[in-house]
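Engineer:
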Amino acid sequence: MPYDLYFMPTGNNIRVILLLEALGIQYKKHLHNPFIGDKLDFTLNPTGKVPALLDTEHDIAIFESANILLYLCDKHDTEGQFLPLQPIERAQYLSWLFKIIGEFQTTKQLFISSTTAAKTPKDKALFVTRASKVLHQHLKAFNHQMSVNKNGHLLGDDYNIIDIALLSVLFDFDKDLYPKMGANDHIGMQLYLANKWLVLETADLTKYPLLKVFIDKMKNNPTIVDIIKSDYSMWEK
Ligand SMILES: N[C@@H](CCC(=O)N[C@@H](CS)C(=O)NCC(=O)O)C(=O)O
């Protein structure tokens, strides 16, 4: 196999799997579960986080999910189907890629961990007020860009790297796509509740109709749904 992928079943990791599968690349998956004490070798990622992709042919480890997407496109998307090859068009894709993964995803992650860790309702409310402003700002921008592009994608006309990035941060806003996370798993359940709360209280996608249409369209693709759902099985142990 040309690649070893170290992963956990979360959005940061699922976006890499979605692209590997879309490009038809062979890879071997290694499940990383820090909740049962797994430690990732720091040569794979200096912060011990996943996803981390080992390119066995070149013996190089790539980390940060956005960078892994770029690496895979540079090596395998030779026609520019997922990420344009021309610098000007490519830069427009990268603007959205970094916005989605760098800003939106990070805020969402902080929101979930802060609200989960908050000890009092007052602390929780503070985190929500701060994070929800940024989250709404982004959801509004994504929805607006969909109205500008008019064809169900933020950019381009066909399934591409930006669709993959957007899907990987929005799928858990959807009740059908959001998996039954670990009924027996304390941390899984906390994440589930935080996310459910996020959907219901602060960022109900019904306020962003084009994003809802986007998710519904993705839900019609069984391959995509399989990828998103199957990888969550570890939470149900
Ligand atoms: N910015 C990083 C985020 C990576 C990240 O936060 N990974 C989490 C899973 S979503 C992780 O490895 N958590 C386990 C740990 O910290 O031990 C990326 O996009 O790759």
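Residue numbers (the numbering used here): 1325 to 1561. Backbone N, C-alpha and C fix where the C-beta goes; we use that ideal spot for every residue, glycine too.
Would the C-beta of residue 1480 count as close to ligand 1, meaning under 7 Å from any of its heavy atoms?
Structural biologist: In the sequence shown, the residue the question calls residue 1480 occupies position 156. No, the beta carbon of residue 1480 sits no closer than 7 Å to any heavy atom of ligand 1.
Engineer: What would DSSP say about residue 1351, mapped onto helix, strand or coil?
Structural biologist: Indexing the sequence shown from 1 puts residue 1351 at position 27. Three-state result, residue 1351: coil.
Engineer: May I ask which residues mark the beginning and end of the alpha helix (DSSP H) holding residue 1328?
Structural biologist: Residue 1328 sits at position 4 when you count from the first residue of the sequence shown. Counting along the chain, residue 1328 falls outside any alpha helix (DSSP H), though it belongs to the beta strand (DSSP E) covering 1327–1331.
Engineer: Given a cut-off of 8 Å on the beta-carbon distance, is the pair residue 1330 and residue 1370 in contact?
Structural biologist: Working through the sequence shown from its first residue, we reach residue 1330 at position 6. Working through the sequence shown from its first residue, we reach residue 1370 at position 46. No, they are not a contact pair.
Engineer: Looking only at C-alpha atoms, which of 1412, 1546, 1419 sits nearest to residue 1489?
Structural biologist: As a first step, residue 1489 is located in the sequence shown; it is residue number 165 there, counting from the start. Comparing Cα-Cα distances from residue 1489 to each of 1412, 1546, 1419, the minimum goes to 1419.
Engineer: Give me the DSSP bridge partner(s) of residue 1488.
Structural biologist: Stepping through the sequence shown from its first residue, residue 1488 is reached at position 164. Beta-bridge pairing links residue 1488 to no other residue.
Engineer: If we ignore side chains and look at the alpha-carbon of each, how far apart do residue 1532 and residue 1383 end up?
Structural biologist: As a working mapping, residue 1532 is identified with position 208 in the sequence shown. As a working mapping, residue 1383 is identified with position 59 in the sequence shown. About 43 Å.
Engineer: Can you tell me where the beta strand (DSSP E) holding residue 1422 begins and where it ends?
Structural biologist: For the purposes of this step, residue 1422 is taken as the residue at position 98 of the sequence shown. Looking at the DSSP string, residue 1422 is not in any beta strand (DSSP E); the run it does join, the alpha helix (DSSP H), is 1411–1422.
Engineer: Are the segment 1436–1448 and the segment 1474–1483 in contact at 8 Å, needing three or more beta carbon pairs?
Structural biologist: Not touching, per the Cβ criterion.
Engineer: Any heavy atom of ligand 2 closer than 7 Å to the Cβ of residue 1427?
Structural biologist: This structure simply doesn't include ligand 2; it includes ligand 1 instead.
Engineer: From residue 1408 to residue 1491, what distance separates their C-alpha atoms?
Structural biologist: Walking along the sequence shown from the start, residue 1408 turns up at place 84. Walking along the sequence shown from the start, residue 1491 turns up at place 167. Their backbone Cα atoms lie some 19 Å apart in a straight line.
Engineer: Check whether the Cβ atoms of residue 1344 and residue 1421 sit closer than 8 Å, and answer yes or no.
Structural biologist: Counting from one through the sequence shown, the residue named residue 1344 turns up at place 20. Counting from one through the sequence shown, the residue named residue 1421 turns up at place 97. Cβ atoms of residue 1344 and residue 1421: not closer than 8 Å.
Engineer: Examine ligand 1 and report whether any of its heavy atoms sits within less than 7 Å of the Cβ of residue 1438.
Structural biologist: Along the sequence shown, one-based indexing puts residue 1438 at 114. No, the beta carbon of residue 1438 sits no closer than 7 Å to any heavy atom of ligand 1.
Engineer: To the nearest angstrom, how far is it from the Cα of residue 1441 to the Cα of residue 1338?
Structural biologist: Within the sequence shown, the letter at position 117 stands for residue 1441. Within the sequence shown, the letter at position 14 stands for residue 1338. Cα to Cα, residue 1441 sits roughly 24 Å from residue 1338.
Engineer: For residue 1384, which beta-bridge partners are listed by DSSP?
Structural biologist: Numbered from its first residue, the sequence shown carries residue 1384 at position 60. 1379.
Engineer: Rounded to whole angstroms, what's the CA-CA distance from residue 1398 to residue 1423? Just pull it up for me.
Structural biologist: Position 74 of the sequence shown holds residue 1398. Position 99 of the sequence shown holds residue 1423. Computed Cα separation, rounded: 20 Å.
Engineer: Could you give the distance in angstroms between the alpha-carbon of residue 1494 and the alpha-carbon of residue 1325?
Structural biologist: As a first step, residue 1494 is located in the sequence shown; it is residue number 170 there, counting from the start. As a first step, residue 1325 is located in the sequence shown; it is residue number 1 there, counting from the start. Spanning the two alpha carbons is a distance of roughly 31 Å.
Engineer: Check this for me: beta carbons of residue 1563 and residue 1364, under 8 Å apart or not?
Structural biologist: Because residue 1563 is not part of the residues shown, which for the chain are 1325 to 1561, the question remains open.
Engineer: Buried or exposed: where does residue 1333 fall if 16 or more other Cβ atoms within 10 Å of its Cβ makes it buried?
Structural biologist: On the sequence shown, position 9 is the one that residue 1333 refers to. Residue 1333 should be labelled buried.
Engineer: In whole angstroms, what is the alpha-carbon distance linking residue 1481 and residue 1541?
Structural biologist: Position 157 of the sequence shown, counted from the first residue, corresponds to residue 1481. Position 217 of the sequence shown, counted from the first residue, corresponds to residue 1541. The straight-line gap from Cα to Cα measures roughly 14 Å.
Engineer: Tell me which residues share the same chain as residue 1425 and place their Cβ nearer than 6 Å to its Cβ, disregarding the 5 neighbours each side in the sequence.
Structural biologist: Taking the sequence shown and counting its residues from 1, one reaches residue 1425 at position 101. Correct list, in chain order: 1390, 1489.
Engineer: Is residue 1334 near ligand 1, with its Cβ less than 7 Å from a heavy atom?
Structural biologist: The residue you call residue 1334 lines up with position 10 of the sequence shown. True, at least one ligand heavy atom lies under 7 Å from that Cβ.
Engineer: Just to confirm before moving on: does the CB-CB distance between residue 1367 and residue 1385 stay below 8 Å?
Structural biologist: On the sequence shown, residue 1367 is found 43 positions in, with the first residue counted as 1. On the sequence shown, residue 1385 is found 61 positions in, with the first residue counted as 1. Yes, Cβ-Cβ distance for residue 1367 and residue 1385 is below 8 Å.
Engineer: Do residue 1463 and residue 1535 have their C-beta atoms within less than 8 Å of each other?
Structural biologist: As a working note, residue 1463 is residue 139 in the sequence shown. As a working note, residue 1535 is residue 211 in the sequence shown. Closer than 8 Å, so yes.
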